[in-house]
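S.K.: If you scroll down you'll find the structure; I have some questions about it.
There are 2 protein chains.
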Amino acid sequence: MSDFLNAEQLEGVDAYWRASNYLAVGQIYLKDNPLLREPLTLAHIKPRLLGHWGTTPGLNLIYAHLNRLIIQYDLNALFVAGPGHGGPALVAQTYLEGTYTECYPSVERNANGLQRLFRQFSWPYGISSHVSAQVPGSIHEGGELGYSLAHAYGAAFDNPDLIVACVIGDGEAETGTLAASWHSNKFLDPARDGAVLPILHLNGYKIANPTILSCISEEELSALMYGYGYDPYFVEGDDPAQVHQDLARTLDTIIVKIRDIQRLSRQPAATAQRPLWPMLVLRTPKGWTGPKFVDGHRVEGTWRAHQVPLADFQQPLHVRQLEDWMSSYRPDELFDDNGALIPEIAALAPTGHRRMSANPHANGGLVQPLNLPRFTDYAVALSAPGAMRAEATRILGTFLRDVMKDNRQSNNFRLFGPDETASNRLDAVYEVTAKAWMEPLHTEDINLAPDGRVMEILSEQVCEGWLEGYLLTGRHGLLSCYEAFIHIVDSMVNQHAKWLKTAAEVPWRKPVASLNFLLTSHVWRQDHNGFSHQDPGFIDLVANKKSDIARIYLPPDANCLLSVVNHCLKSRDYINVIVAGKQPEWQWLDINAALRHCQTGIGRWEWACHNDEQPDVVMACAGDVPTLETLAAVTLLRGYVPDLRVRVINVVDLMVLQPGWQHPHGLPDRHFDDLFTLDKPVIFAFHGYPALIHRLLYKRASHDNFHVRGFKEEGATTTPFDMAVINNLDRYQLALDVIERVPRLHAQVPTARARYWSMMEKHKLYLIEHGEDLPEVLNWQWTPPVVD
Amino acid sequence: MSDFLNAEQLEGVDAYWRASNYLAVGQIYLKDNPLLREPLTLAHIKPRLLGHWGTTPGLNLIYAHLNRLIIQYDLNALFVAGPGHGGPALVAQTYLEGTYTECYPSVERNANGLQRLFRQFSWPYGISSHVSAQVPGSIHEGGELGYSLAHAYGAAFDNPDLIVACVIGDGEAETGTLAASWHSNKFLDPARDGAVLPILHLNGYKIANPTILSCISEEELSALMYGYGYDPYFVEGDDPAQVHQDLARTLDTIIVKIRDIQRLSRQPAATAQRPLWPMLVLRTPKGWTGPKFVDGHRVEGTWRAHQVPLADFQQPLHVRQLEDWMSSYRPDELFDDNGALIPEIAALAPTGHRRMSANPHANGGLVQPLNLPRFTDYAVALSAPGAMRAEATRILGTFLRDVMKDNRQSNNFRLFGPDETASNRLDAVYEVTAKAWMEPLHTEDINLAPDGRVMEILSEQVCEGWLEGYLLTGRHGLLSCYEAFIHIVDSMVNQHAKWLKTAAEVPWRKPVASLNFLLTSHVWRQDHNGFSHQDPGFIDLVANKKSDIARIYLPPDANCLLSVVNHCLKSRDYINVIVAGKQPEWQWLDINAALRHCQTGIGRWEWACHNDEQPDVVMACAGDVPTLETLAAVTLLRGYVPDLRVRVINVVDLMVLQPGWQHPHGLPDRHFDDLFTLDKPVIFAFHGYPALIHRLLYKRASHDNFHVRGFKEEGATTTPFDMAVINNLDRYQLALDVIERVPRLHAQVPTARARYWSMMEKHKLYLIEHGEDLPEVLNWQWTPPVVD
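Protein chains in written order, with numbering that gives the first Met the number 0: chain G, 0 to 787; chain F, 0 to 787.
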């Protein structure tokens, strides 16, 4: 085949590649002598060699070639580096483009800056060895592996002009999330959304093993990619000149194809159908251009190239080998006397916002606040506490519908969920949009359309990855999920929390919209599913995060849920977890009371007891079902102990329980002690595992007074009330707890216990006989206290 | 094509299918009148309709056809039902086979038993709506979705005679774990292992959406399966007679092919290569044979068939529709006057252990204890505490090597890990086995072989799924993983914990080997990777599990690690989490001391302080790095406050901290108070998040005395000692903590603080300048206390 690049182009792209490889090796190894202007000695080499060379030359190759393409086609492109260890490559690229120096002026574009650049890498108080939030142009750290492609699709949604080049390592490709993410093309509308260009980089090895996708036949690999809905192009080789030619030609073909797809789909009369998107399979040696052999072992092209191919510099031979290796990039041809990249090479990079490292999409740069309707307009009209039932999430659905509607012009809000939006009763949103879906429709299919803004795939991980990519490129969203199954994304949420923490320490990073979770179909109402669907532990995970990131809300009713979601959609840089039921439940606060209650995050519900000033006992609750059981217990206690003085406290914002020095939402000790008293027993009915309350409280003076009821891992396919019973969170148990703990009721304890056991027996017999709850439970209704 | 089944066979399999569908519908709907011997009325119908019809007829169809095949070929087969909602189908099948009655004698094979069978389903104190541990023959609940194929492969490993039929729902197929699990065929040796027959059941819909795999073209789907390494066979239709013929013919072809593969690969001279395994794609309508229309809406073949197609029985028409539906199966032809399955139909099921519901593999039935070498033989020979350094996991590797070797005859032990076995320094096992790998090898590939017993794929989820399947079929294993990334399987571990809890309540379920995790490359030693690899929170998740299931161990050195792993490998029905470092660290206990220490789970280290009887302060530690820092602080304090009386307590078994009534390992209060005193400050250096210690301790009388240091989410690419510093777990901080908290040292606090800050400054400057730790830290060595 004739050459695609002319000699000058070939030399240019190769020089650019050599420059970036040189900078990458320098980062991994050198603390001094960055331009090798004197013979390399042990003193120039870092004492601790920490980094990963293996994936680096491949990333650099792709980046350099994309630069050529960006200039030629004036592309608006973003680079997602799946192989997370590729920090040295991406830092090198951003440095070559000048963006690094713009973000970190002390890392100048000269010999002095080079030395800083090298030294800081994987150096204490320097920079991470991964493509972290410190790296300009990055929205993806990749330290954990598996999320690159979902992030790339999230970035491409609603950015019609954007091309997201996503390098997928062949190790990463074995992970579950990545394997599921390929099908994201069924949810990307070529008319409305941008393009994702997956680049599967086969370098053959993981840490210590060959990779699956590099070992299967090209026939199988090609079929696999076609089966995922892509048209794979293959480039393979270990001769740089030939690979440059093949890669340039192939990427050119791919870009033309992407543009054709977009042009056709964006014609006025175009019928929406999923195109066969092109993708690239690039097969090059692991640690390409690095040492071929070390101590007699082959390194280049093997798993031995994964981290630092040369490591034992007590051997002078290794010092020489490193020098030879670095010199092989001919730094003198790349950098001038001052250590600046020579202008002819620098000119091969795009400029301004066309640089992938300076693309505003990668810095949440286009974020604009959501246009939020007044949430109070969607309120349940409540004449008095407990006057009616409502489905909290269904009410919320009407608000979300109008959030969707009111931000249609901006195209910057989407709802995500694993096939559960309707099940979670948010289906009012379908009045104004559909679920994104590019496949053919059948007669009975409803609420599906290519340009839908509700994103449903039966993978919590892909949903989460899409949402993260969407948020990190400056947009807004909310993920609703069955409470138990959100644990599937625990590790992704950990990584996002780490990103947020690191990004907050990077001065040039702009805020991004918070990661919002609505967890519903929760532990207490899994009538259809039982034990496998019962787990309230995600909030424990989030409570371990930095207090400037983690927020947990347990709105007790629909109006509080509206207030909380409204607040979360306006917030920035948090992880907000909201837990709320979808079933018809009693409503407690009118919208004004709800607003006040949620602003404080905790409150005394004076209306629940006629004299709560000098209480005998405090009954606290957090979560909708615990609130119901607590109030039902209050009505029981009125009958059992008419003169008992009870104070009811409801907690919406769990973090108020921590002291102020532990969490910014923490209630000052004085207020906390006023609310809970310093000496009265507190019976706390909690949505989740009781231990979470104890750990939040342990620095409070009165923590020994707290007796917490919550989920104790007793799940079953049973009635809602029986779920409370088998976990000892039910009204009868709570009432007994009170009587057992108020000293002056000591004499009544035996009677109370007898009454409790007899009630439990009655409950169980009725349940087994009728398969549903006692009429007095099913028909229970709140009655206000009688004022003396 | 000519008929495959003759008329009698066709009628037989169809009758069997009708019988099972009838029983499934009955379970979902009826509490009485099980044989419809009187006209159906509202009184016969359950008040709460909880279950899932959609997937049920497909599961029944497959099961019935597999029965035919089992008899014809005398197959040893296991059935894994991926569509977890398929409880009614699997319960029906096990009832038809008689196994259900053998396990639950009160559910007789007559009208009375039928009524019990129907009534108990999704009924309080009855059975779960999923394929739970209550169902004979099941090793897979499927409530969460995604793990069926990995479980199936885990069951097939080392069971050469077994065929695991794994039904994969098209909803489940969208999950990450399932998508990654297809490649398990690269790790299954047809000569040594059994066969997995994946059956992708396309019924078109999830809860509320079409499924991806049902919507893409057959060309793409076929390519996808071929790309995953399978030879797909397609059966499709909605005419029962035709589908019966096609399915029977196709399954027959597939079984012959599987047997051919096995025969060829098991010939003496066979060269090991991955065969192209057959798999089945079955496309039938969702809710097939159910109501075609309800209230004017199409139901059969749509998402509306997902749960209960008929639900509003206040409409008499719906009662009639249900009666018509159930009668359409012609129950009078299926059950005799007593309500027993008529013998001609019953005879179509296999008998004894050939029944999939009675296959001993599905009940851990073949479990035999591991043949464990004496772990004391692998001990580090230690002349005195702190006399030498060793890599704990490397020592463990030699023990695991011999566990592997000594159980080779039984073929019942494997090691699992996501490409990290060597990185985690367990590579001694490669002296006796290799990593399983069916692909072609390259020159530099080492330790790879088709019959390897180390299972490495870069997916924590697939590793976990394999191991669970392996354990639940009666074998043993251990999964080693970077500590941070084990969160990827949080949700799978939740589900396994639920399985263990439920199984323990099922009288006929036999114990299985514990699920053992070795978490290494832990938070404190991520020099190469930094923040993205730093998270010690998995133990928080496990601590939320039932106390009869969860065990957490933090061995402080190599000998303790040996003792703990030895114990865990012998245990049953637990989830054991062991956290231990892989780096060279100081060793503390000789093997006898380690054995005693680990048996108690906690202990005073009298050798660390010369007078710890009446301490001024207790210094407690859990985890290898916290232990090191604590002992270093002890040596510092000797210099600062020569007359200070310190007691050092090391915790190996975290659960001893809980009271005995909360956890069986909980230390009696008296012992606990003796150890920690009731009035002295306790400085606790902890491996993980400090809150975990507080929640374990909160019921202890002295809990207010505890001051816990641990990971506070401050991660970085830095030195090991600096990781301790930035999280305030370092020796200087711990020493300062002591001085600040011992009342009689009050006057020394200002000096101590000044000394601390000056040391921190010195540390930081040295670190930034040299990139490594202060010589006094690097070269620190334990010195025993001088006895007066």
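Backbone N, C-alpha and C define an ideal beta-carbon position, used for all residues, glycine too.
Everything numeric in this text was worked out from a predicted model, so none of it was measured.
I'd like to check one pair, Lys679(F) with Val616(F): are the Cβ atoms closer than 8 Å?
M.R.: If you number the second sequence from 1, residue 616(F) lands on position 617. If you number the second sequence from 1, residue 679(F) lands on position 680. Yes; because the gap between Cβ atoms is below 8 Å, this pair is in contact.
S.K.: Anything in chain F within Cβ reach of Cys559(G), meaning under 7 Å, just list it in chain order.
M.R.: One-based indexing of the first sequence puts residue 559(G) at position 560. What Cys559(G) touches in chain F: nothing, since even the nearest Cβ is about 26 Å away.
S.K.: Using alpha carbons as the reference points, say which of Arg118(G), Leu735(G) and Trp324(G) lies closest to Gly638(G).
M.R.: Taking the first residue of the first sequence as position 1, residue 638(G) is located at position 639. Comparing Cα-Cα distances from Gly638(G) to each of Arg118(G), Leu735(G) and Trp324(G), the minimum goes to Leu735(G).
S.K.: Under DSSP, the alpha helix (DSSP H) around Pro330(F) begins and ends at which residues?
M.R.: In the second sequence, residue 330(F) corresponds to position 331, counting from 1. That run of the alpha helix (DSSP H) goes Pro330 to Leu333.
S.K.: Here's the rule: buried if 16 or more other CB atoms are within 10 angstroms of the residue's CB, otherwise exposed. What is Asp772(G)?
M.R.: Here the question's residue 772(G) lines up with position 773 in the first sequence. By the neighbour-count rule (16 or more Cβ atoms within 10 Å), Asp772(G) is buried.
S.K.: For Ala43(G), tell me which candidate among Arg669(G), Lys434(G), Phe117(G) and His84(G) has the shortest Cα-Cα distance.
M.R.: On the first sequence, position 44 is the one that residue 43(G) refers to. Before going on, a small fix: residue 43(G) reads as His here, not Ala. For the residues Arg669(G), Lys434(G), Phe117(G) and His84(G), the minimum Cα distance to His43(G) belongs to Phe117(G).
S.K.: For Gln241(F), which of Gly338(F), Arg743(F), Ala6(F) and Asp539(F) has the nearest alpha-carbon?
M.R.: Reading the second sequence from its first residue, position 242 is the one you call residue 241(F). Answer by Cα proximity: Ala6(F).
S.K.: Three or more C-beta pairs under 8 Å: does that hold for the region 133-140 of chain F against the region 389-406 of chain F?
M.R.: These segments do not touch.
S.K.: To which residues of the same chain is Gln8(G) closer than 8 Å at the C-beta, ignoring the five residues directly before and after it?
M.R.: In the first sequence, residue 8(G) corresponds to position 9, counting from 1. Counting only Cβ-Cβ distances below 8 Å, and skipping sequence neighbours, we find Arg67 and Ala247.
S.K.: Skipping 5 residues on each side, what residues in its chain have a beta carbon closer than 7 Å to that of Thr93(G)?
M.R.: Against the first sequence, residue 93(G) aligns to sequence position 94. Taken in chain order, the residues that qualify are Tyr99, Val134, Pro135, Gly136 and Ser356.
S.K.: Count the CB pairs spanning the region 777-787 of chain G and the region 287-295 of chain F that are closer than 8 Å, and state whether there are at least three.
M.R.: Counting Cβ pairs under 8 Å, fewer than three are found: no touch.
S.K.: For Leu187(F) versus Ala154(F), is the C-beta distance shorter than 8 Å?
M.R.: Here residue 187(F) refers to the residue found at position 188 of the second sequence. Here residue 154(F) refers to the residue found at position 155 of the second sequence. Not closer than 8 Å, so no.
S.K.: Helix, strand or coil for Ser128(G), going by three-state DSSP, please let me know.
M.R.: Sequence index remark: in the first sequence, residue 128(G) carries index 129 (1-based). Correct three-state label for Ser128(G): coil.
S.K.: For a quick check, are the C-beta atoms of Thr718(F) and Asp526(F) less than 8 Å apart?
M.R.: Counting from one through the second sequence, the residue named residue 718(F) turns up at place 719. Counting from one through the second sequence, the residue named residue 526(F) turns up at place 527. A contact, by the Cβ cut-off of 8 Å.
S.K.: Listing by chain order, which chain G residues have their CB less than 9 Å from the CB of Lys497(F)?
M.R.: Translated into positions along the second sequence, residue 497(F) becomes position 498. Per Cβ cutoff of 9 Å: Phe530, Ser531, Gln533, Asp534, Glu712 and Gly714.
S.K.: Under the rule that 16 or more other beta-carbon atoms within 10 Å means buried, what is Leu704(G), buried or exposed?
M.R.: Within the first sequence, numbered from 1, the residue matching residue 704(G) stands at position 705. The sequence shown places Asn at residue 704(G), not Leu. Classification of Asn704(G): buried, given that the 10 Å Cβ count is 16 or more.
S.K.: DSSP beta-bridge partners for Lys698(G)?
M.R.: Counted from its first residue, the first sequence places residue 698(G) at position 699. DSSP, once it has assigned bridges, lists no residue as partnering Lys698(G).
S.K.: Give a yes or no on whether 8 Å exceeds the smallest Cβ distance from Leu514(F) to chain G.
M.R.: Along the second sequence, one-based indexing puts residue 514(F) at 515. It does not: the Cβ of Leu514(F) has no partner Cβ on chain G nearer than 8 Å.
S.K.: Which residues in chain G have a C-beta closer than 8 Å to the C-beta of His693(F)? List them in chain order.
M.R.: As a first step, residue 693(F) must be located in the second sequence, where it is residue number 694. By Cβ distance, chain G contributes His693, Arg694 and Tyr697.
S.K.: Report the three-state DSSP secondary structure of Ser513(G) (helix, strand or coil).
M.R.: Position 514 of the first sequence holds residue 513(G). Ser513(G): coil per DSSP, three-state reduction.
S.K.: How big is the Cα-Cα spacing for Glu140(G) and Ala496(G)?
M.R.: The residue labelled residue 140(G) in the question sits at position 141 within the first sequence. The residue labelled residue 496(G) in the question sits at position 497 within the first sequence. Roughly 12 Å between the two C-alpha positions.
S.K.: Since His706(F) is in the beta strand (DSSP E), which residue starts that stretch and which ends it?
M.R.: Counting from 1 along the second sequence, the entry for residue 706(F) is found at position 707. Taken as a continuous stretch (DSSP letters only), the beta strand (DSSP E) holding His706(F) covers Phe705 to Arg708.
S.K.: From the beta carbon of Leu223(F), is the nearest beta carbon of chain G less than 8 Å away?
M.R.: By one-based count along the second sequence, residue 223(F) stands at place 224. Closer than 8 Å to some Cβ of chain G, the Cβ of Leu223(F) qualifies, so yes.
S.K.: Can you pull the DSSP bridge partners for Phe412(G)?
M.R.: For this step, residue 412(G) is matched to residue 413 along the first sequence. Answer is His475(G).
S.K.: With Leu399(G) and Leu414(G) assumed to form a contact (beta carbons below 8 Å), what rounded beta-carbon distance in angstroms separates them?
M.R.: Locating residue 399(G) in the first sequence gives position 400, counting from the first residue. Locating residue 414(G) in the first sequence gives position 415, counting from the first residue. Confirmed, Cβ separation roughly 6 Å.
S.K.: Locate the beta strand (DSSP E) running through Glu219(F), then write down its first and last residues.
M.R.: The residue labelled residue 219(F) in the question sits at position 220 within the second sequence. That residue, Glu219(F), is in no beta strand (DSSP E); its alpha helix (DSSP H) goes Glu217 to Gly226.
S.K.: Out of Glu459(F), Pro267(F) and Val786(F), which has the shortest C-alpha to C-alpha gap to His609(F)?
M.R.: In the second sequence, the residue the question calls residue 609(F) occupies position 610. Of the listed residues, the one whose Cα sits closest to His609(F) is Val786(F).
S.K.: Can you give the Cα-Cα distance for Val505(G) and Glu459(F), rounded to whole angstroms?
M.R.: Position 506 of the first sequence holds residue 505(G). Position 460 of the second sequence holds residue 459(F). In a straight line, the C-alpha of Val505(G) is about 31 Å away from that of Glu459(F).
S.K.: Comparing the C-beta of Asn423(G) with each C-beta of chain F, is any distance below 8 Å?
M.R.: Translated into the one-based positions of the first sequence, residue 423(G) becomes position 424. Chain F, which has no Cβ nearer than 8 Å to the Cβ of Asn423(G), makes this no.
S.K.: By DSSP, does Trp585(F) sit in helix, in strand, or in coil?
M.R.: Sequence index remark: in the second sequence, residue 585(F) carries index 586 (1-based). Looking at Trp585(F) - three-state DSSP - the assignment turns out to be strand.
S.K.: Can you confirm whether Lys544(F), when its beta carbon is compared against all beta carbons of chain G, has any partner nearer than 8 Å?
M.R.: Here residue 544(F) is taken as the residue at index 545 of the second sequence, counted from 1. It does: the Cβ of Lys544(F) has a partner Cβ on chain G nearer than 8 Å.
S.K.: For the region 614-625 of chain G, which residues have a beta carbon sitting closer than 9 Å to at least one beta carbon of chain F?
M.R.: Answer set for the region 614-625 of chain G: empty.
S.K.: Shorter than 8 Å from the beta carbon of Thr54(F) to some beta carbon of chain G?
M.R.: Taking the second sequence and counting its residues from 1, one reaches residue 54(F) at position 55. Taking Cβ atoms only, chain G never reaches closer than 8 Å to Thr54(F), which makes this a no.
S.K.: Can you have a look at Ser183(F) and say buried or exposed, based on whether 16 or more other CB atoms are within 10 angstroms of its CB?
M.R.: For the purposes of this step, residue 183(F) is identified with residue 184 of the second sequence, where counting begins at 1. Its Cβ being crowded by 16 or more others within 10 Å, Ser183(F) is buried.
S.K.: Give the secondary structure of Phe537(G) by DSSP, where H, G and I count as helix, E and B as strand, and everything else as coil.
M.R.: Along the first sequence, one-based indexing puts residue 537(G) at 538. Correct three-state label for Phe537(G): helix.
S.K.: Note down, in chain order, each residue of its chain lying with its Cβ closer than 6 Å to the Cβ of Gln306(F), except the 5 sequence neighbours on either side.
M.R.: Start at 1 with the first residue of the second sequence, and residue 306(F) comes out as number 307. Correct list, in chain order: His51.
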